[in-house]
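The letter at position 136 of the sequence shown is residue 136 when you use the UniProt record's numbering, and the numbering goes up by one with no holes.
Just below is one structure, and these are the notes that go with it.
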Amino acid sequence: MTGPTSPISQDVLLGVEQLSKSFGNVRALRDISLWLPRGQITALVGDNGAGKSTLVRVLSGVHQPDHGRVTFAGQPVRFADPQAARLAGIETVHQNLALVDELTVWQNLFLNRELVRRLGPFAVLDRGAMQVKAREMLARLSVNVPPVRAKVQRLSGGQRQAVAIARAAGWGSKLVIMDEPTAALGVQETARVEELIAGLRAEGMTILLISHNFEQVLRLADRVWVLRSGALAGGRLTTETTGEELVGLVTGAIAG
Ligand SMILES: Nc1ncnc2c1ncn2[C@@H]1O[C@H](COP(=O)(O)OP(=O)(O)OP(=O)(O)O)[C@@H](O)[C@H]1O
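Shown next, in the form of structure tokens:
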């Protein structure tokens, strides 16, 4: 297998073996094998159409692979839908963030996970408890957002990203997949979101980071896998590669 350091001696959280996925005649993923070490940030890079989103969708239960195997926490897994992936501990922050603008920060954090309390024979939403917990979730990540009662539509792009990441990381998840988390952000907000991601890693979270920004990959990630035309073009430890080499692997100027 091409890639940085043998997985045998490593604590691997997620492994992908010879994974393939086609859409009609398009072979979006061809025999991909790679792994994500526990507690590290692993980046996935590649040109447009290289297969990054398809791999993310397979890992998050949106697509099922045609061939190959995924193991998670030592067990073979096959997720029938995104809910199954979530239950296993894989949370994905998609580019559209899936936040509801008209709802508040705390309502978004608890979307589909609302806390209820008993009131006589009735179950009612425990708004107070959810607001307290929402503040704790954000404080834990040192995220500087407006009050949890603010509507999400009032937030900046970076704050929205932070809420989406807090939601993904806040439910006992084992792996957070982030699809281009800073693509739409300015320099300062990018720096804040990168701090947040680094903070999650410091807490022991395993992260898969999809990014077109090689400088960001080299700054944040421990290792990087490169996809080209649906195939694995190579893998590197970020301490042992350069932006130039990554460009070469992405374009095919350098063989993996
Ligand atoms: N649902 C689909 N139906 C048909 N073809 C698809 C589908 N999803 C992806 N593809 C095709 O699979 C290939 C890989 O696409 P994918 O979106 O995974 O690439 P990507 O690396 O994420 O690109 P980008 O950086 O542009 O998002 C492309 O040729 C794409 O057109």
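Ideal Cβ positions, reconstructed from N, Cα and C, are used throughout, including at glycine.
No experiment lies behind these values; they were computed from the predicted model shown.
Open item on the list: Going by DSSP, what residue range makes up the beta strand (DSSP E) through T190?
Closed with: Note, T190: premise wrong, no beta strand (DSSP E); alpha helix (DSSP H) at 187–202.
Task: Reference I41; option with closest CA among L246, W225, G24 - done: The closest CA to that of I41, considering only L246, W225, G24, is found on W225.
Open item on the list: Would Q216 and T182 be called neighbours here (beta carbons separated by less than 8 Å)?
Closed with: Going by C-beta atoms, Q216 is nearer than 8 Å to T182.
Task: Best match in I207, T238, T206 for proximity to R219 [C-alpha to C-alpha] - done: Nearest neighbour of R219 by Cα position, chosen from I207, T238, T206, turns out to be T238.
TODO: Mind checking which residues open and close the beta strand (DSSP E) that includes S33?
DONE: Looking at the DSSP string, the run of the beta strand (DSSP E) that includes S33 is 26–37.
Task: Limits of the beta strand (DSSP E) - the one that Q18 falls within - done: Segment 12–23, the beta strand (DSSP E) holding Q18.
Task: Own chain residues within Cβ distance below 8 Å of Q131, not counting five before or after - done: Within the same chain, W106, V148, R149 come within 8 Å of Q131 by CB-CB distance, once the 5 residues on both sides are set aside.
Open item on the list: Quick check: the Cα distance between D126 and V163, rounded to an integer number of angstroms?
Closed with: V163 has its alpha-carbon roughly 20 Å from the corresponding atom of D126.
Task: Among V12, G235, T242, N108, nearest to F214 - alpha-carbon criterion - done: Among V12, G235, T242, N108, the Cα nearest to that of F214 is on T242.
Open item on the list: Give me, in chain order, the residues of the same chain whose beta-carbon lies closer than 7 Å to that of P65; leave out the 5 immediate sequence neighbours on both sides.
Closed with: Within the same chain, P65 has close Cβ partners L19, S20, K21, V58.
Open item on the list: What does the alpha-carbon distance come out to for the pair G170 and A139?
Closed with: About 11 Å.
Task: Residue of L115, T54, G24, N25 minimising C-alpha distance to I210 - done: Answer by Cα proximity: T54.
Task: Reduced DSSP category for A166 - H, G, I as helix; E, B as strand; rest coil - done: In the three-state reduction of the DSSP assignment, A166 falls in the helix class, which pools H, G and I.
- [ ] Indicate, with yes or no, if ligand 1 has a heavy atom lying under 7 Å from the CB of V26.
- [x] Residue side-chain check: V26 places its Cβ nearer than 7 Å to a non-hydrogen atom of ligand 1.
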